[in-house]
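*Asks:*
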Amino acid sequence: MSVVDVHTHVMWYPDHISEQTAGEALAAKLVKLERSGGLTNAAHLDLHCYDSTPAEHWEAAQQADRVVVFGLAARPTGFDVPNDVIAGYVREHPDRLEGWASVNPGEAGALDELVRCVEDLGLRGLKVGPTYQHWDPRDPSLWGVFEYCERHDLPVIVHQGTTFPTTARLEYAQPLLLERLVMRFPSLRVIIAHLGHPWEEDVVALMRKAPNVYADISALHYRPYRFWHAMTTAFEYGVTGKLLFASDFPSATVAQTLEGLRRVNDVVAGTPLPTLPVDEQDRIVHENWTRFFGTS
1 MSVVDVHTHV MWYPDHISEQ TAGEALAAKL VKLERSGGLT NAAHLDLHCY
51 DSTPAEHWEA AQQADRVVVF GLAARPTGFD VPNDVIAGYV REHPDRLEGW
101 ASVNPGEAGA LDELVRCVED LGLRGLKVGP TYQHWDPRDP SLWGVFEYCE
151 RHDLPVIVHQ GTTFPTTARL EYAQPLLLER LVMRFPSLRV IIAHLGHPWE
201 EDVVALMRKA PNVYADISAL HYRPYRFWHA MTTAFEYGVT GKLLFASDFP
251 SATVAQTLEG LRRVNDVVAG TPLPTLPVDE QDRIVHENWT RFFGTS
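Under UniProt numbering, the first residue of the sequence shown carries the number 1, and numbering increases by one thereafter.
Right under this line is the structure:
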């Protein structure tokens, strides 16, 4: 049974991450390390804590059969990863890796860069994050990249949830801000990263409404109560089939994320509270990706 990791990064300090953002990332990682009981990638506990060089990423990628990897074009929050870095790395390992582009829809030239990434670099999807990139998902004037993605059947992953940089714009982070966009482009395949934490219930509602909206479960097990509540809410609403397995490496590895998922019910052990059935966990790890990507 295959494991597909739909959310990983390549980037490193200081080339692609500012000093301020690296420091804030470290503070956030130390909290995750404590709250998760150690289920966090702790290879670097310094300003390199978000480092994921090609060598480090490739070592981690051995834990999955297929791995989606991207950078992040978000200069307003201290991230600036050239798409050429991702494309060059993926070309070295095409059998296991799938590279996606990242552009900022709020900046001039975003569509041109996306076209270059697809037609010249061979990248096969798009990563965006309004809270990181400072653009409003409700603004139709910024939707050109999504029209292109729908027309060319390119999947999109959206970081639509909270994050640690003090320069982030949380006013653009709430998942329901995507409603108009995803309904305007109903054939667009969208993954909402991290189940939109801490607005997981809103993502559950949006997934139930919008046929091609999915979510990944990365970076959730660090907070065991919220993770359990989000997963059982998705189960009660019948949308666990739209939850995709992901590690958010270098935040965590596949093995750490899998262990976190297997522990999801621990916080309610011995109580009459609902749990996420093991067969649903298995489908998240091994099967749900086929609904999003197909089986080829």
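Note that CB positions come from ideal geometry on N, CA and C, so glycine has one too.
(1) Beta strand (DSSP E) containing Lys127: first to last residue?
(2) I'd like the span of the beta strand (DSSP E) that includes Asp216, first residue to last.
(3) Just the Cα atoms here: how many angstroms apart are Glu24 and Val213?
(4) In chain order, what are the residue ranges of uninterrupted beta strand (DSSP E) at least 3 long that sit wholly in the stretch 2 to 35?
(5) According to DSSP, is Phe79 helix, strand or coil?
(6) Below 8 Å on the Cβ atoms is my guess for Val285 versus Val69; work out the distance and round it to an integer in Å.
(7) Less than 8 Å between the CB atoms is what I'm expecting for Glu150 and Ser187, so what's the real figure, rounded?
(8) Measure the beta-carbon distance from Ala73 to Asp80 and round it to whole angstroms, keeping in mind my assumption that it falls under 8 Å.
(9) Checking the sheet assignment: what are the DSSP bridge partners for Ala73?
(10) Can you tell me the Cα-Cα spacing of Phe146 and Val118, whole angstroms?
(11) Per DSSP, Leu243 is paired with what?
(12) Which one of His9, Gly37, Glu59 has the shortest CA to CA distance from Asp51?
(13) Short of 7 Å in beta carbon distance, which residues of its chain neighbour Trp228, apart from the five on each side in sequence? Order them along the chain.
(14) Who are the Cβ neighbours of Ala28 in its own chain at under 8 Å, not counting the five residues just before and after it?
(15) Pull up the CB-CB distance for Leu126 and Val90, whole angstroms please, since I reckon it's below 8 Å.
(16) Can at least three beta-carbon pairs, one atom from the stretch 270 to 280 and one from the stretch 234 to 251, be found at a separation below 8 Å?
(17) Could you give the DSSP three-state label for Gly38: helix, strand or coil?
(18) Give the DSSP-derived three-state secondary structure of Val68 in the structure shown.
(19) Taking Cβ positions only, does Val278 come closer than 8 Å to chain B?
(20) Is the beta carbon of Asp216 sitting closer than 8 Å to the one on Leu244?
(21) Given a threshold of 16 other Cβ atoms within 10 Å of its Cβ, counted over all protein chains shown, does Leu45 qualify as buried or as exposed?
(22) Taking buried to mean at least 16 other C-beta atoms within 10 Å of its own C-beta, is residue 319 buried or exposed?
(23) Am I right that Trp143 and Leu181 are in contact with their C-beta atoms under 8 Å? What's the rounded C-beta distance?
(24) For Lys209, is the classification buried or exposed, using 16 other Cβ atoms within 10 angstroms of its Cβ as the cut-off for buried?
(25) Cβ atoms of Gln160 and Pro140: under 8 Å apart, would you say?
*Replies:* Considering the structure as presented:
(1) For the purposes of this step, residue 127 is taken as the residue at position 127 of the sequence shown. Note, Lys127: beta strand (DSSP E), 126 to 128.
(2) Residue numbering aside, residue 216 sits at position 216 when the sequence shown is read from its first letter. Bounds of the beta strand (DSSP E) holding Asp216 are 213 to 216.
(3) One-based indexing of the sequence shown puts residue 24 at position 24. One-based indexing of the sequence shown puts residue 213 at position 213. Between Glu24 and Val213, the C-alpha separation is close to 30 Å.
(4) Runs of the beta strand (DSSP E) inside the stretch 2 to 35: 4 to 9.
(5) On the sequence shown, residue 79 is found 79 positions in, with the first residue counted as 1. Note: Phe79 maps to strand in three-state DSSP.
(6) Looking up residue 285 in the sequence shown gives position 285. Looking up residue 69 in the sequence shown gives position 69. No, Val285 and Val69 are not in contact; Cβ-Cβ is about 19 Å, not under 8 Å.
(7) On the sequence shown, residue 150 is found 150 positions in, with the first residue counted as 1. On the sequence shown, residue 187 is found 187 positions in, with the first residue counted as 1. The pair is a contact, with the Cβ atoms about 5 Å apart (cut-off 8 Å).
(8) If you number the sequence shown from 1, residue 73 lands on position 73. If you number the sequence shown from 1, residue 80 lands on position 80. The pair is a contact, with the Cβ atoms about 7 Å apart (cut-off 8 Å).
(9) If you number the sequence shown from 1, residue 73 lands on position 73. In DSSP, Ala73 forms a bridge with Asp80.
(10) Residue numbering aside, residue 146 sits at position 146 when the sequence shown is read from its first letter. Residue numbering aside, residue 118 sits at position 118 when the sequence shown is read from its first letter. If you take the alpha carbons of Phe146 and Val118, they lie about 13 Å apart.
(11) Counted from its first residue, the sequence shown places residue 243 at position 243. Paired residue(s): Ala215.
(12) By one-based count along the sequence shown, residue 51 stands at place 51. Here the closest residue by C-alpha is His9.
(13) The residue given as residue 228 occupies position 228 in the sequence shown. Cβ within range, chain order: Val264, Asn265, Val267, Val268.
(14) Here residue 28 is taken as the residue at index 28 of the sequence shown, counted from 1. The residues are Phe164.
(15) The sequence position of residue 126 within the sequence shown is 126, counting from 1. The sequence position of residue 90 within the sequence shown is 90, counting from 1. Going by Cβ atoms, the distance from Leu126 to Val90 rounds to 15 Å, so no, they are not a contact pair.
(16) yes
(17) Translated into positions along the sequence shown, residue 38 becomes position 38. In the three-state scheme derived from DSSP, where H, G and I count as helix and E and B as strand, Gly38 is classed as coil.
(18) Start at 1 with the first residue of the sequence shown, and residue 68 comes out as number 68. Three-state DSSP puts Val68 in a strand.
(19) No chain B appears in this structure, which consists of one protein chain only.
(20) Here the question's residue 216 lines up with position 216 in the sequence shown. Here the question's residue 244 lines up with position 244 in the sequence shown. Against a cut-off of 8 Å, the Cβ pair of Leu244 and Asp216 comes out as a contact.
(21) Your numbering for residue 45 matches position 45 in the sequence shown. By the 10 Å Cβ count, Leu45 comes out exposed.
(22) In the structure as shown, the chain begins at 1 and stops at 296. Residue 319 is therefore absent and cannot be evaluated.
(23) Counted from its first residue, the sequence shown places residue 143 at position 143. Counted from its first residue, the sequence shown places residue 181 at position 181. Rounded, the Cβ-Cβ distance is 6 Å, consistent with contact.
(24) Position 209 of the sequence shown, counting from 1, holds the residue named residue 209. Classification for Lys209: exposed.
(25) As a first step, residue 140 is located in the sequence shown; it is residue number 140 there, counting from the start. As a first step, residue 160 is located in the sequence shown; it is residue number 160 there, counting from the start. Not closer than 8 Å, so no.
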